[in-house]
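Here the working numbering is used: position 122 in the sequence shown is 122, and no number is missing along the way. Note that CB positions come from ideal geometry on N, CA and C, so glycine has one too.
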Amino acid sequence: MSHTSQTIRAFIAIPLPADAKDALTAAGDALAAQLPPRSVRWVKPAQMHLTLHFLGDTAVSKLPALAAALDQAAGGTPPLALALHDLGCFPNRRRPRVIWVGLRGEVAGLTALHGRIGDALAPLGWPPEERPFQPHLTLGRVNDSRQLQGRAWDASIQPVAVPVTAVHLIESQLRPGGPVYTIRHTSHLRRP
Numbered sequence: 001m002s003h004t005s006q007t008i009r010a011f012i013a014i015p016l017p018a019d020a021k022d023a024l025t026a027a028g029d030a031l032a033a034q035l036p037p038r039s040v041r042w043v044k045p046a047q048m049h050l051t052l053h054f055l056g057d058t059a060v061s062k063l064p065a066l067a068a069a070l071d072q073a074a075g076g077t078p079p080l081a082l083a084l085h086d087l088g089c090f091p092n093r094r095r096p097r098v099i100w101v102g103l104r105g106e107v108a109g110l111t112a113l114h115g116r117i118g119d120a121l122a123p124l125g126w127p128p129e130e131r132p133f134q135p136h137l138t139l140g141r142v143n144d145s146r147q148l149q150g151r152a153w154d155a156s157i158q159p160v161a162v163p164v165t166a167v168h169l170i171e172s173q174l175r176p177g178g179p180v181y182t183i184r185h186t187s188h189l190r191r192p
């Protein structure tokens, strides 16, 4: 699908509270002090979120159906209690491409929510994801993993609470200064 005024680049995500963004920023700052300058592109606080599904180029005409599908999936899920947990890397620490922070708490409930949303997206044309869901919060993207090889680096992660009460359908506009996010729809979690 070409990116025109009839499409938006979209994803589904969980918002983060300000204190979680502060803790993530502190962890990123601690890591940045240990790593070569410009070796990692750090995520700005305004762009921090927990991605559930990346939709890519999405027809604007599908937004009402997407909103209804999200409402249905979220409406059958009780609010969840998560917390920041540990530091990790994709694909691994020896050759990191993405540096992230994991979560603890009701992760099984989060995984179930991810599955319900995936099931709701399938009839709208988004195939199920093949990779297993690995909930994480991206701190930064590594420019060249060779710059990090052989270096000891770590950061303590404050176990800040991340309450999950809603999911957002977000439009992402790519700009020279980084992506700009606009919430297009919010679905609230509710006890079934």
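Run through DSSP, which three-state label would Ile-117 get?
helix
Does Leu-103 come out as helix, strand or coil in the three-state DSSP assignment?
strand
Can you check the segment 34-111 for any beta strand (DSSP E) of at least 3 residues that lies completely inside it and give the ranges in chain order?
40-42, 50-59, 80-90 and 98-105
Start-to-end residues for the alpha helix (DSSP H) that takes in Ala-20:
18-32
What do you reckon, are the CB atoms on His-168 and Ala-13 nearer than 8 Å?
yes
Suppose contacts are defined by Cβ-Cβ distances below 8 Å. Is Val-271 in contact with Gln-6 by that definition?
The first residue shown for the chain is 1 and the last is 192, placing residue 271 beyond what the model contains.
Three-state secondary structure assigned by DSSP to Ser-187:
strand
Bridge partners for Ile-170 per DSSP, in chain order?
Phe-11 and Ile-183
Check whether the segment 81-93 touches the segment 165-179, counting contact only when three or more Cβ pairs, one atom from each stretch, lie closer than 8 Å.
no
Taking DSSP as the reference, what is the three-state secondary structure of Leu-148?
coil
Please report whether the beta-carbon of Ser-61 lies at a distance below 8 Å from any beta-carbon of chain D.
Checking the listed chains, one finds no chain D in this structure; it contains a single protein chain.
How do the segment 132-152 and the segment 60-69 stand: do at least 3 beta-carbon pairs fall below 8 Å, yes or no?
no
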